[in-house]
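Everything on this sheet refers to the single structure shown next.
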Amino acid sequence: MSQAKKLRKAVFPVAGLGTRFLPATKAVPKEMLTVVDKPVIQYVVDEAAEAGIEHFVFITGRGKAVIEDYFDIQFELEQTLKARNKNAELSLLSGLLPIAGSASFTRQQEPQGLGHAVWCARDIVGEEPFALLLPDMIMNGEKGCLKGMVELFETHGGNIVGVEECAPELAHQYGIVGVGEALDGGFRITQMIEKPAKGTAPSNYFINGRYILQPEIFKILETQARGAGNEIQLTDGMLKLADSQSFAAYPFDGQTFDCGAKDGFILANVFFAMQREDIRPQIEEPLKALLAALK
Ligand code: G1P
């Protein structure tokens with residue numbers, strides 16, 4: 092088992108078609124839609140960096156090349172800003188940019204499900220544990236979700252999934268876990284089921300799109316049969332891995348927004364704008380007035 096190895100790499104599956112966000116996603120990858128002034132993917136990469144991740148692995152697809160360009164230096168733009176002494180604008184570009192050689196990109200080619208997207212990372216990840224962050228979900232908390240998971244991982248090893256509670260009537264939209272023995276900062280998982288039929292979910296704890304997985308998952312995903320939605324499901328692969336390895340859940344305490352859907356994306360924009368000292372004073376009263384006018 093590779094449990095003692097340090098967590099260094101994170102995988103970001105960004106090949107999804109973004110059908111829940113048409114027509115915008117006809118030409119712009121959903122991961123590049125902006126929440127306030129940063130693309131959605133930047134929030135997720137920042138969360139991974141906060142958790143100590145050193146290598147960023149993107150599983151991309153056709154029409155997603157702009158993501159690779161985004162995580163590169165924009166040389167002409169920077170030179171122009173320098174020449175014009177636009178230092179405030181320049182400082183906005185100096186946010187997280189993976190250092191040379193610490194970002195990898197590979198293509199999924201055909202959408203066959205999350206399990207298949209993760210399997211595409213097997214050679215780049217190799218024989219070490221890795222984090223997986225679904226870029227639709229962006230989160231806000233005193234401590235980032237992945238950072239909290241890394242702490243649990245450092246104590247318990249094995250595999251960890253981020254979870255949150257949902258309303259029982261929404262459980263069929265997610266991967267749901269069964270709750271076992273309590274741990275300091277989480278609990279053991281007894282069961283996992285992807286998109287359970289209504290009324291059959293073992294709990295209200297849904298998998299929130301953050302995972303720390305051992306590399307043995309890749310061998311399982313290679314032969315994983317199609318599951319819910321006729322896709323190769325990661326949750327089904329994890330359930331098999333749970334026969335031989337431990338799985339624990341980390342309940343995340345904070346706000347999560349599903350930016351792959353229009354409502355979550357709009358709420359994320361309002362929420363993150365209201366968190367910003369440079370924006371909140373200008374929008375708070377107009378926002379209240381607008382909401383009042385809608386009544
Ligand atoms: C995926 C996972 C599911 C998880 C969800 C979180 O589903 O398969 O287990 O709960 O992400 O967003 P998807 O949203 O791709 O249908």
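Numbering (this note's numbering), first residue to last: 92 to 386. We put the CB at the ideal spot given by N, CA and C, even for glycine.
Other residues of its chain near residue i: CB distance less than 7 Å, five sequence neighbours each side excluded
i    : result
G318 : E285, Q324, D327
T347 : M228, M230, E255, N299
K177 : none
Residues near residue i by beta carbon distance below 6 Å, same chain, minus five either side
i    : result
V126 : A359, N360, F363
F338 : N250, I280
P130 : M123
Run of the alpha helix (DSSP H) containing residue i, from where it starts to where it stops
i    : result
P372 : 371–385
V135 : 131–141
I190 : First-last for I190: undefined, no H or E at that position.
G269 : Note, G269: premise wrong, no alpha helix (DSSP H); beta strand (DSSP E) at 266–274.
E242 : 236–247
I284 : From DSSP, I284 is part of no alpha helix (DSSP H) but of the beta strand (DSSP E) over 277–285.
Q203 : Run containing Q203: none; DSSP gives neither H nor E here.
D327 : 325–332
A174 : 166–174
N321 : Note, N321: premise wrong, no alpha helix (DSSP H); not H, not E.
Strand pairing of residue i, partner residues [DSSP]
i    : result
K100 : H146, F221
D160 : Note: D160 sits in no beta bridge, so no partner.
I308 : According to DSSP, which records beta bridges pairwise, I308 is partnered with nothing at all.
T54  : In this structure the chain extends from 92 to 386, so residue 54 is not present and cannot be described.
D349 : M228
F297 : E255, I267
V126 : K129
N250 : F338
Through-space distance from residue j to residue i, alpha-carbon basis
i    : j    : result
A340 : V254 : 6 Å
I357 : G300 : 19 Å
A139 : L378 : 32 Å
G109 : F221 : 25 Å
S182 : I164 : 13 Å
A118 : K155 : 9 Å
L188 : Q133 : 9 Å
Y302 : R367 : 29 Å
L312 : R153 : 23 Å
N295 : V268 : 8 Å
I185 : G351 : For the sequence presented, residue 185 should be read as Ser rather than Ile. Going from the Cα of S185 to the Cα of G351 covers about 27 Å.
C257 : F297 : 7 Å
G277 : C236 : 12 Å
F103 : W210 : 12 Å
F149 : V136 : 10 Å
G345 : V252 : 16 Å
L304 : L168 : 39 Å
V270 : K97  : 27 Å
E272 : T246 : 15 Å
8 Å CB neighbourhood of residue i in its chain, flanking five on each side removed
i    : result
F353 : A quick correction: the sequence has Lys, not Phe, at residue 353. So the qualifying residues of the chain are R111, F112.
T151 : V105, A106, I158, E159, F196, T197, R198, Q199
Short CB-CB distance (under 8 Å) between residue i and chain D
i    : result
S182 : Going by chain labels, chain D is absent from the structure shown, which holds only one protein chain.
Continuous beta strand (DSSP E) stretch holding residue i: start and end
i    : result
F338 : 338–342
Any non-hydrogen atom of the ligand SAM closer than 7 Å to residue i Cβ
i    : result
G249 : The model depicted lacks the ligand SAM and carries the ligand G1P instead.
Three Cβ pairs or more, each shorter than 8 Å: is that satisfied between the segment 147–161 and the segment 187–197?
yes
**Q.** Stretch-stretch touch, CB-based, cutoff 8 Å, three pairs: the segment 273–284 with the segment 196–215
**A.** no
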